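Protein chains in written order, with this note's numbering: chain A, 1062 to 1407; chain B, 1062 to 1407. Every residue gets a Cβ at the ideal spot worked out from N, C-alpha and C, and that includes glycine. The model shown is predicted, which means the values in this text are computed figures rather than measured ones. Notes for the one structure printed next.
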DNA sequence: TCACAGAATGAACACGTTTTCATTTCTCGT
DNA sequence: ACGAGAAATGAAAACGTGTTCATTCTGTGA
């Protein structure tokens, strides 16, 4: 044994492992990459020595030559929004299992896109990018990420051709909101709701636009008058204030459809604690997302759900498929929504 | 102009920028690194051309030679826990401003450490690592991260020498919980609380151990009987069930101190909706963290706060100081806590 | 035994930067 | 006009890996 270089100063390298195992450095590389030809017992020996030396291939070096960083960029306006944090959580778990790591970036909270951020992110060379900032055009994202193919979470507008339209240039996850919203409106209609209000999310958000328009169309199809709209921005506080204004300044409502669950919580608290109204007896409330908090007893919210696990699985499928077929045309996945009935309606 | 190589296939490289600007590749590198000597007008020209070509230095290549990945690893058991998600959010914002990116890793939810995860993470070469898994010994973390110096969030146990003790080998953020807990107990004592219960967090969590022991000692110092302990794991559901057991199986309490705010929400909902008790009239509740939801009207929770911004600033200071002084002895920062009084006490 | 296919192996190259070092150019005081 | 020190510049080395390609080894069928 060459005990002279026993001092494992800093990080162990493939060279050191190779020296100790009496093999070439290339063999070490092969030992860590499956689907390469290497005698099994040799691979075993190398891996054993690697573990002793606390060696792991350097991903920066690996990325440099292979063009794969194994990083997935995630752009969020607000990590602690409940829905976002739950998606990040599930996504990180799923990606980790596939050998990827989640790289987090924060952008402006008004859901506008930030070109400087894209350039910044590009420096880290993510293999793929998932943007929660839905209003950004996919080709803008693509222009800034030369290597990575962005994944576009798409909320098709109802009544347009968007639902069917193919997009050969980008990978897309379509979220169809019509079914869940229709079930929600049907329920409200069954309870005889007359004045239905929509508490919006951030105006620039594509998810909000799509939900509002879909609600309008569903209500029209069912012969209901258009909803009263109160402006929020997905936050508890904005929903709280908007609800108060709706009843103090405006004419109130007997049912409120919130753009997301957190907003619905603000609506419920404003109704109960500020306006002294009962939910669901005086006003019925429905949310959107079905986050973990929605079953908490203080709210016990009826809400339109789209399954998180299903969504994450779809995203991971898109990522992996794209990495295995870099030049294939755009892949698509589609997700549906459904109503979860709890205590805030009837 | 050498129009032959006009096709900007794939990603732009420093070489291309250099060719167009009629300078050497080294000059391009210097243009992107401040504190290097380069004629201002030349730097300006290079940056302009770089922008035209959509060029950003490749961080993988940069990391390889400079030894700085500009990645900060964050290990969390659960991203969507409210407190964690808020810290991740604030941390990401702060790090982004300093040119770093947050690399997210999930570990087991029982707060035990996962050596396999550490080895996995090491491959990404983070410059620094912040572990929310407080029970891991800092030298274990250090052994797995040869280059990065881990930052240890330390909850000193009261009555031991830990508060004063220096640790020259690791960077440390001390969180002193005694002041806030003392204020909380004083408040409860003032309202004549007799039976005080502690709803614990995950047993292996250092934060929980420290909070429980500090509470014990504060109560003893004030001549109060030791707290009844109900076992939870920081989650809403566990707190909800433990509270029910406390009153149905055990002898109840007239004040409950929860290990975190989310647990306190579970306590409140169990008291109100399951046990039909009033908060604060029948039972007083105090939480720990002061997360954003704590001021929501349905809970309006009195809680022990330690300031998130202050904490994040301290962490970033530790990270930067360490990177600028790789061989310096361990740095320390200290944070205090205080009570925020809202509606769940008196 | 021989020829041959396929597996196993290692030398050399490539990836895109930063850093070191030696050289050239500029600036300023005399 | 001169010299000295500072600023500016580029050639070459280095970082740690994956990949290509040519070579050697192994086992099989004739």
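Neighbouring residues, chain B, relative to residue i (Cβ below 9 Å)
i	result
residue 1164 of chain A	1132, 1162, 1163, 1164, 1165
residue 1353 of chain A	1141, 1297
Same chain, Cβ closer than 6 Å to residue i, neighbours up to 5 away in sequence not counted
i	result
residue 1153 of chain A	1163
residue 1165 of chain B	1135
residue 1089 of chain A	1075, 1078, 1079, 1107
residue 1048 of chain A	Coverage of chain A is limited to positions 1062 through 1407, which leaves residue 1048 of chain A absent and any answer about it impossible.
residue 1336 of chain B	1308
residue 1063 of chain A	For residue 1063 of chain A, the predicted structure reports a pLDDT of 33, less than 50, and the residue's modelled location is therefore unreliable. A value from the coordinates is still provided. Around residue 1063 of chain A: no qualifying Cβ.
residue 1191 of chain B	1135, 1212
Cβ shell of residue i (< 8 Å), same chain only, five flanking positions each side left out
i	result
residue 1144 of chain B	1321, 1322, 1323, 1350, 1352
residue 1366 of chain A	1241, 1350, 1351, 1398, 1399, 1400, 1401
residue 1280 of chain A	1246, 1257, 1286, 1287, 1288
residue 1284 of chain A	none
residue 1311 of chain B	1289, 1291
residue 1404 of chain B	1341, 1361, 1362, 1363
Under 7 Å by beta carbon: chain B residues contacting residue i
i	result
residue 1118 of chain A	1184
residue 1140 of chain A	1146, 1149, 1150, 1153
residue 1358 of chain A	1330, 1334
residue 1157 of chain A	1166, 1167
Reduced DSSP category for residue i - H, G, I as helix; E, B as strand; rest coil
i	result
residue 1363 of chain B	strand
residue 1109 of chain B	helix
residue 1398 of chain A	coil
residue 1064 of chain A	Residue placement at residue 1064 of chain A is poorly supported in this model, since its pLDDT is 34, which falls under 50; the coordinates still yield a value, given next. Note: residue 1064 of chain A maps to helix in three-state DSSP.
residue 1423 of chain B	In this structure chain B extends from 1062 to 1407, so residue 1423 of chain B is not present and cannot be described.
residue 1073 of chain B	coil
residue 1096 of chain A	coil
residue 1306 of chain B	helix
residue 1340 of chain B	coil
residue 1318 of chain B	strand
residue 1278 of chain B	helix
residue 1101 of chain A	helix
residue 1131 of chain A	coil
residue 1087 of chain A	helix
residue 1189 of chain A	strand
residue 1143 of chain A	helix
residue 1212 of chain B	strand
Chain A residues whose Cβ lies nearer than 8 Å to that of residue i
i	result
residue 1193 of chain B	Those do not exist, as residue 1193 of chain B stays about 13 Å from chain A at its closest Cβ, beyond 8 Å.
residue 1326 of chain B	1357, 1359
Buried/exposed call for residue i, threshold 16 Cβ in 10 Å
i	result
residue 1330 of chain A	buried
residue 1092 of chain B	buried
residue 1096 of chain A	exposed
residue 1138 of chain A	buried
residue 1344 of chain A	buried
residue 1296 of chain A	buried
residue 1187 of chain B	buried
residue 1261 of chain A	buried
residue 1390 of chain B	exposed
residue 1363 of chain B	buried
residue 1239 of chain A	buried
residue 1126 of chain A	exposed
residue 1299 of chain A	buried
residue 1341 of chain A	buried
residue 1234 of chain B	buried
Beta-carbon neighbours of residue i, restricted to chain A and to distances below 7 Å
i	result
residue 1125 of chain B	1121, 1122, 1125
residue 1263 of chain B	Those do not exist, as residue 1263 of chain B stays about 17 Å from chain A at its closest Cβ, beyond 7 Å.
Under 9 Å from the C-beta of residue i: neighbouring residues of chain A
i	result
residue 1180 of chain B	1112, 1115, 1117
Cβ-based neighbour list, residue i, same chain, cut-off 7 Å, excluding 5 preceding and 5 following
i	result
residue 1254 of chain B	1315, 1316, 1345
residue 1073 of chain A	1114, 1115, 1116
residue 1086 of chain A	1075, 1076, 1079
residue 1369 of chain B	1147, 1148, 1151
residue 1104 of chain B	1092
residue 1326 of chain B	1297, 1360
*Mind listing, in chain order, the continuous alpha helix (DSSP H) runs of no fewer than 4 residues lying wholly within the stretch 1148-1187 of chain A?*
You should have 1176-1183.
*asked:* List, from N- to C-terminal side, the beta strand (DSSP E) runs of 3 residues or more that fit wholly inside the stretch 1236-1271 of chain B.
replied: 1257-1260
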